[in-house]
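Undergrad: Okay, handing you the structure first.
Protein chains: 2
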Amino acid sequence: MLELAFTPDRDRTEPVYRQLRDYLRDLIAAERLPRGTKLPATRELATSLGLSRNTVAQAYDELVADGLAAAHVGQGTFVATPLRPADDTRRAAARAQTADDPPRGFAWSGLFALRARALAVPSGLVPRRGGPVRWDFRGGQIALDTLPTAELRRVFGQVLATELRDVAAVHTPYGLPVLRREIARYLVTRGIACEPDDVAVVNGAQQAIDLATRVLVDPGDSVVLEEPGYFGARVAFAAAQANVIAVDVDAHGLDTDALARVLRARRVKLVYTTPAAQSPTGVVLSDDRRRALLELADEHQVPILEDDYDSELRYEGPPIAALKTRDRAGQLIYVGTFSKVLFPGLRVGYVVAARPLLDKMMLARWNADVTTNVIGQAALAHLLASGGLTRHLKRVRVTYAARLDAMLQSLASAMPEGVTWTTPRGGHSVWVTLPAGTDPDALMQSTLDAGLYYTPGDVFCGDGRGGRHLALSFANHTPAEITAGIGLLGTLLRKQRASGRRSARA
Amino acid sequence: MLELAFTPDRDRTEPVYRQLRDYLRDLIAAERLPRGTKLPATRELATSLGLSRNTVAQAYDELVADGLAAAHVGQGTFVATPLRPADDTRRAAARAQTADDPPRGFAWSGLFALRARALAVPSGLVPRRGGPVRWDFRGGQIALDTLPTAELRRVFGQVLATELRDVAAVHTPYGLPVLRREIARYLVTRGIACEPDDVAVVNGAQQAIDLATRVLVDPGDSVVLEEPGYFGARVAFAAAQANVIAVDVDAHGLDTDALARVLRARRVKLVYTTPAAQSPTGVVLSDDRRRALLELADEHQVPILEDDYDSELRYEGPPIAALKTRDRAGQLIYVGTFSKVLFPGLRVGYVVAARPLLDKMMLARWNADVTTNVIGQAALAHLLASGGLTRHLKRVRVTYAARLDAMLQSLASAMPEGVTWTTPRGGHSVWVTLPAGTDPDALMQSTLDAGLYYTPGDVFCGDGRGGRHLALSFANHTPAEITAGIGLLGTLLRKQRASGRRSARA
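Keeping their order, the protein sequence lines are chains A and B. Here the first sequence is numbered in my numbering, starting from 1 and rising by one per residue. Here the second sequence is numbered in my numbering, starting from 1 and rising by one per residue.
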């Protein structure tokens with residue numbers, strides 16, 4: 001790690017983060033930090049300098065904004081790299097470009113919109129350095145070995161062979177009529193009666209959340225999010241400069257009594273919820289709570305966004321009906337996706353909503369990116385029409401059920417006392433709570449070193465509330481791999497707690 | 001057409017549009033306008049009632065917001081249709097859903113965000129009723145008969161056969177590394193030297209414009225748009241509640257003297273321009289103007305968004321270098337797309353920008369829809385790497401050159417005196433100016449009746465300035481079809497002008 005010897009001058013009126021920025025800027029200018037150097041993680045630097053993590057992050061942000069550093073999601077922050085021509089053609093082009101006088105950096109920092117300050121990725125999603133990946137228990141994984149490759153080749157081939165000319169220039173924001181029809185038909189399996197005209201195709205659930213937010217939420221408006229809750233909704237609300245109100249989740253799902261208190265106290269523009277398999281706990285919203293939620297929505301005339309992202313992946317008991325099936329007034333925005341049942345890179349999801357809202361969302365969609373790629377849409381329509389998706393679902397449910405069982409059994413046998421976890425009967429992951437006194441950072445560093453990756457709980461929680469949790473996805477490992485990985489996690493957790501006790505005694 | 005007998009009461013304090021809304025609401029409640037009825041086009045109803053078109057549009061908006069009508073892009077506004085179960089399963093589901101008490105409409109109108117009011121599609125893009133399509137000269141078309149179907153089957157097949165597992169769960173907002181590398185290499189043909197890290201993949205040029213706007217423009221900020229100019233940029237700026245300043249275009253492209261006056265008078269956050277083939281005129285920005293534009297950008301420290309959407313489609317003379325090749329400070333945001341050279345439904349474009357800006361845009365991207373579909377990305381990487389795209393470009397340039405020639409020749413022989421048009425040497429369309437005294441609405445109705453469709457000029461112009469223009473795309477018709485279609489357009493234009501003179505005399 002880089003040796004940085006910075007001491008803040010607390011007597012200066014200049015904030016500490018600016019002082020740190022200037023210190024780093026001078027090092028960069030003097031080439032003591034050469035271009036391409038990876039800066040230490042904010043957490044590490046904050047600890048080593050005795051500063052708050054936020055101070056370091058602000059200093060880095062300013063360096064990035066000034067073009068002196070670059071933050072790459074998934075890699076960290078680097079001292080900015082100059083143009084590095086890779087071959088003769090490019091070298092020539094680069095020469096032509098710089099012939100007259102040397103490049104000067106453009107000061108982007110002063111130009112960003114105020115509203116752009118609210119854009120963020122949860123820090124826990126920015127991968128930290130670790131060993132080569134041996135276990136990937138992070139969210140967003142799927143069982144790659146169950147991908148229906150032959151079936152996908154067939155349906156994509158069909159589109160390219162016979163339908164390309166028909167769909168190539170279609171650009172209605174609502175999506176291809178044939179796919180809207182197939183989705184409306186498919187949704188009967190979720191108990192939802194709707195017409196193709198009630199359905200719009202989007203690029204995955206995230207876009208539906210973003211569009212609903214663009215259309216319903218002004219800066220300062222209040223929205224309700226489950227706590228813990230889906231980070232994609234949290235960032236979309238934050239980007240809209242919304243006031244995010246956390247309502248706790250327990251073993252029965254969203255706490256509707258707490259929601260009632262919030263709705264009585266203030267006007268809320270949107271309630272986001274994941275009733276079929278709460279994200280990240282996997283808990284199912286109980287029937288009483290469902291009734292209470294709909295009554296509250298009716299009483300306070302507040303729209304509900306039901307993110308049904310994981311509902312098809314249920315491994316035990318009857319399917320859970322969508323909340324949307326009970327939506328008589330048309331105040332539920334129903335969002336689904338093929339990211340979990342097929343694969344996330346497909347980027348096809350859908351939204352079912354009342355026409356006035358759907359039309360407004362599609363106006364926003366037209367501004368945003370016009371429509372979803374038509375080849376994927378047309379191929380998916382074939383997959384739905386031929387029953388290929390249903391067959392695939394039957395297969396993957398068996399696979400995932402075995403993986404979930406392996407996960408729950410290995411947790412039971414490997415976790416030290418005091419660790420608890422949810423026991424979902426569907427979805428992709430389990431939510432683990434560590435005993436008080438565990439150091440989540442130390443645990444994470446030891447697991448990363450061992451090549452074991454998971455999503456830290458703070459990704460799903462409001463500030464400072466997630467440290468004791470972790471989300472473990474069982475999607476992309478065999479039962480045997482899961483047993484070995486969770487065994488290792490248990491060992492590392494015991495070690496970390498033992499060393500924690502030792503240092504507390506010392 | 002519906003007979004509507006509404007007379008506004010100008011003495012009432014209630015605005016006329018509200019009075020019209022209530023009148024229509026009563027008709028709907030009394031079922032005199034049954035569900036499913038198409039409401040007259042705003043233009044027609046405004047004319048027949050002697051109201052402004054805006055008044056009618058506002059009344060319709062309120063009906064839509066109240067759930068009493070539905071506006072379908074491309075079809076018009078309809079009295080809202082109830083749930084219509086299509087088969088037994090859905091009928092049963094519908095029954096279950098409505099067993100307890102009848103549905104009540106949810107009042108969405110009061111819930112839309114203030115910022116959602118700025119969302120719009122230019123009215124000229126909402127298709128009007130007409131005869132079966134015989135000539136489609138509207139924008140957004142491509143030569144469907146030149147689609148490289150075999151090549152596309154090959155590259156998509158390759159991805160599905162061997163790479164699906166590698167890309168299925170990739171979800172970096174920047175796009176697949178292999179495609180970023182191929183795009184960086186490809187851009188040498190545009191004179192641009194950049195590294196893969198300078199490139200991000202987006203869902204077409206529209207998303208790049210939207211993301212740049214989200215990141216740079218706050219409500220009330222000023223942005224510059226060419227006049228006439230690309231409607232996609234206009235709607236994205238409007239959605240951001242920006243103050244859009246029109247700067248005129250002439251035969252040499254954007255008028256940089258006029259731009260200089262604007263930049264001296266006020267702070268501008270972004271200048272949008274299409275230097276290689278101005279949208280919609282097809283004019284190339286002259287060398288003097290290019291220099292002037294870059295000097296102004298430097299002097300006023302304003303970012304330039306260069307939309308290079310059509311640059312590969314140049315049929316005569318040397319390729320036009322991108323403005324980006326002269327961007328030494330990194331203040332140009334370069335946007336390209338495969339929509340025009342392949343097909344729009346592919347939804348793959350790219351942006352090249354300085355890292356601080358690119359990183360910020362990708363944070364916004366992550367909120368918006370995470371990433372672009374990976375199968376399309378991986379297939380495109382193969383198409384670029386194998387030279388397939390370059391071969392395709394050589395073929396389509398020949399096709400388009402012949403179509404452009406046919407278009408220019410038939411305009412010369414078929415247009416009545418007083419009609420003028422641009423003579424682009426690239427792109428997809430020609431910008432036609434009608435003589436003063438032409439009634440653009442009457443002309444459009446007569447061409448629509450004949451099955452001849454084009455994009456009316458007001459789509460590309462600020463309020464009230466586009467009536468005398470039309471954009472004619474020559475992309476998707478053979479030279480013979482173009483000759484016949486433009487011949488008919490000439491005939492209809494002469495007729496319309498003759499009847500216009502007769503009624504002026506009467």
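The beta-carbon is built from N, C-alpha and C at its ideal position, and this holds for glycine as well. Since this is a predicted model, take the numbers as computed values, not measurements.
#1: In the DSSP assignment, find the unbroken beta strand (DSSP E) run with B:A200 in it and report its ends.
#2: What does the alpha-carbon distance come out to for the pair B:I333 and B:T149?
#3: I want to verify the contact list: residues of chain B whose CB lies under 8 Å from the CB of A:R355, in sequence order.
#4: So, does the CB of B:G345 fall closer than 8 Å to a CB anywhere in chain A?
#5: Pull up the distance between the alpha-carbon of B:R468 and that of B:G36, whole angstroms please.
#6: Determine, for B:A120, whether the minimum Cβ-Cβ distance to residues of chain A falls below 8 Å.
#7: Could you check the C-alpha separation between A:P15 and A:P440 for me, to the nearest Å?
#8: Which residues does DSSP pair with B:P456 in a beta bridge?
#9: To the nearest angstrom, how far is it from the Cα of B:G330 to the Cα of B:D298?
#10: Is A:G124 close to chain B, meaning its C-beta is less than 8 Å from at least one C-beta of that chain?
#11: With DSSP as the reference, label A:G157 as helix, strand or coil.
#12: Cβ of A:D369 less than 8 Å from any chain B Cβ?
#13: Taking Cβ-Cβ distances below 9 Å as the criterion, which residues of the region 239-266 of chain B are in contact with chain A?
#14: Which residues in chain A have a C-beta closer than 7 Å to the C-beta of B:R165? List them in chain order.
#15: For the region 286-312 of chain A, which residues have a CB atom closer than 8 Å to at least one CB atom of chain D, in sequence order?
#16: Drop a sphere of 10 angstroms on the beta-carbon of A:R115, count the other beta-carbons inside from all chains shown, and report buried for 16 or more, exposed for fewer.
#17: Assuming the contact rule is C-beta atoms closer than 8 Å, B:R403 and B:I482 should be a hit. Round their C-beta distance to whole Å, please.
#18: Could one say the Cβ of B:L114 lies closer than 8 Å to chain A's Cβ atoms, at least one of them?
#19: Please list the terminal residues of the continuous beta strand (DSSP E) segment that includes A:T77.
#20: Going by C-alpha distance, which of A:I245, A:K269, A:L393 and A:A168 is nearest A:T189?
#21: Just to confirm the assignment, what range does the alpha helix (DSSP H) spanning B:V447 have?
#22: DSSP puts B:V432 in a beta bridge; with which residues?
#23: Out of A:V121, A:Q19 and A:A80, which one is the CA nearest neighbour of A:L39?
#24: Can you pull the chain B neighbours of A:Q141, defined as C-beta to C-beta under 9 Å?
#25: Name the chain B residues that come within less than 7 Å of A:T47, Cβ to Cβ?
#26: What is the rounded straight-line gap between the Cα of A:P280 and the Cα of A:H72?
#27: Apart from the five residues on each side of it in sequence, which residues of its chain come closer than 6 Å, Cβ to Cβ, to A:A118?
#28: Where does B:I142 sit, in a helix, a strand or coil, going by DSSP?
#29: Expressed to the nearest angstrom, what Euclidean distance is found between the alpha-carbon atoms of B:F460 and B:Y309?
#30: Taking B:D359 as the query, report the chain A residues whose CB atoms sit under 7 Å from its CB, ordered along the chain.
#31: Could you tell me which uninterrupted alpha helix (DSSP H) segments, each at least 4 residues in length, are contained entirely in the region 339-397 of chain A, listed from first to last along the chain?
#32: Cβ of B:V247 within 8 Å of Cβ of B:P228?
#33: If I follow the unbroken alpha helix (DSSP H) through B:G232, where does it start and stop?
#34: Which value, in whole angstroms, describes the spacing of the CA atoms of B:T433 and B:M415?
#35: How long is the line joining the alpha carbons of A:G451 and A:A46, rounded to whole angstroms?
#36: Following the continuous beta strand (DSSP E) through B:E226, name the residue where it begins and the one where it ends.
TA: Let me spell this out:
#1: As a position in the second sequence, residue 200 of chain B is number 200, starting the count at 1. Residues V199 to V202.
#2: Residue numbering aside, residue 333 of chain B sits at position 333 when the second sequence is read from its first letter. Residue numbering aside, residue 149 of chain B sits at position 149 when the second sequence is read from its first letter. Taking the straight line joining both Cα atoms gives about 32 Å.
#3: Position 355 of the first sequence, counting from 1, holds the residue named residue 355 of chain A. Result: V64, G67, A70 and A80.
#4: Here residue 345 of chain B is taken as the residue at index 345 of the second sequence, counted from 1. B:G345 counts as touching chain A.
#5: Numbered from 1 along the second sequence, position 468 holds the residue referred to as residue 468 of chain B. Numbered from 1 along the second sequence, position 36 holds the residue referred to as residue 36 of chain B. B:R468 and B:G36: Cα-Cα distance of roughly 35 Å.
#6: Along the second sequence, read from residue 1 onward, the residue named residue 120 of chain B stands at position 120. At least one chain A Cβ lies under 8 Å of B:A120.
#7: For the purposes of this step, residue 15 of chain A is identified with residue 15 of the first sequence, where counting begins at 1. For the purposes of this step, residue 440 of chain A is identified with residue 440 of the first sequence, where counting begins at 1. Cα to Cα, the separation comes out at about 30 Å.
#8: To locate residue 456 of chain B, count along the second sequence from 1; it is residue 456. In DSSP, B:P456 forms a bridge with B:L470.
#9: If you number the second sequence from 1, residue 330 of chain B lands on position 330. If you number the second sequence from 1, residue 298 of chain B lands on position 298. About 10 Å.
#10: In the first sequence, residue 124 of chain A corresponds to position 124, counting from 1. A:G124 does not count as touching chain B.
#11: Start at 1 with the first residue of the first sequence, and residue 157 of chain A comes out as number 157. If DSSP states are grouped into helix, strand and coil, A:G157 belongs with the helices.
#12: Counting from 1 along the first sequence, the entry for residue 369 of chain A is found at position 369. Cβ-Cβ to chain B under 8 Å: yes for A:D369.
#13: Of all residues in the region 239-266 of chain B, the ones placed with a Cβ closer than 9 Å to any Cβ belonging to chain A are A239 and A240, in chain order.
#14: For the purposes of this step, residue 165 of chain B is taken as the residue at position 165 of the second sequence. Residues of chain A passing the Cβ test: L144 and L147.
#15: In the structure shown, chain D does not exist; the protein chains are A and B.
#16: The residue given as residue 115 of chain A occupies position 115 in the first sequence. Answer is buried; the Cβ neighbour count reaches 16.
#17: Numbered from its first residue, the second sequence carries residue 403 of chain B at position 403. Numbered from its first residue, the second sequence carries residue 482 of chain B at position 482. Indeed, because the Cβ distance is near 6 Å, the residues count as touching under 8 Å.
#18: Residue 114 of chain B sits at position 114 when you count from the first residue of the second sequence. So, interface residue.
#19: Here the question's residue 77 of chain A lines up with position 77 in the first sequence. Start and end: G76 to V79.
#20: The residue you call residue 189 of chain A lines up with position 189 of the first sequence. Checking every option, the nearest Cα to that of A:T189 belongs to A:L393.
#21: Counting from 1 along the second sequence, the entry for residue 447 of chain B is found at position 447. This sequence places Thr at residue 447 of chain B; Val is not what is there. Here the alpha helix (DSSP H) through B:T447 covers P440 to D449.
#22: For the purposes of this step, residue 432 of chain B is identified with residue 432 of the second sequence, where counting begins at 1. B:W421 and B:L470, per the DSSP bridge assignment.
#23: Here residue 39 of chain A refers to the residue found at position 39 of the first sequence. Minimum Cα distance to A:L39 is reached at A:A80.
#24: Here residue 141 of chain A is taken as the residue at index 141 of the first sequence, counted from 1. Result: A169.
#25: Counted from its first residue, the first sequence places residue 47 of chain A at position 47. By Cβ distance, chain B contributes nothing, its closest Cβ being about 25 Å from A:T47, past 7 Å.
#26: Sequence index remark: in the first sequence, residue 280 of chain A carries index 280 (1-based). Sequence index remark: in the first sequence, residue 72 of chain A carries index 72 (1-based). For A:P280 and A:H72, the distance between alpha carbons rounds to 26 Å.
#27: For the purposes of this step, residue 118 of chain A is identified with residue 118 of the first sequence, where counting begins at 1. Once the five neighbours on either side are set aside, the close Cβ partners of A:A118 are A238, A239 and Q241.
#28: Translated into the one-based positions of the second sequence, residue 142 of chain B becomes position 142. It is coil, neither helix nor strand.
#29: Position 460 of the second sequence, counted from the start, is the residue given in the question as residue 460 of chain B. Position 309 of the second sequence, counted from the start, is the residue given in the question as residue 309 of chain B. Roughly 16 Å separates the two Cα atoms.
#30: As a first step, residue 359 of chain B must be located in the second sequence, where it is residue number 359. Within chain A, the residues near B:D359 are V64, A70 and A71.
#31: 355-368 and 374-385
#32: For the purposes of this step, residue 247 of chain B is identified with residue 247 of the second sequence, where counting begins at 1. For the purposes of this step, residue 228 of chain B is identified with residue 228 of the second sequence, where counting begins at 1. Not a contact, by the Cβ cut-off of 8 Å.
#33: Position 232 of the second sequence, counted from the start, is the residue given in the question as residue 232 of chain B. Counting along the chain, the alpha helix (DSSP H) containing B:G232 begins and ends at F231 to A239.
#34: Along the second sequence, read from residue 1 onward, the residue named residue 433 of chain B stands at position 433. Along the second sequence, read from residue 1 onward, the residue named residue 415 of chain B stands at position 415. In a straight line, the C-alpha of B:T433 is about 11 Å away from that of B:M415.
#35: Taking the first sequence and counting its residues from 1, the one referred to as residue 451 of chain A is at position 451. Taking the first sequence and counting its residues from 1, the one referred to as residue 46 of chain A is at position 46. In this structure, the CA atom of A:G451 is about 24 Å from the CA atom of A:A46.
#36: Against the second sequence, residue 226 of chain B aligns to sequence position 226. Residues S222 to E227.
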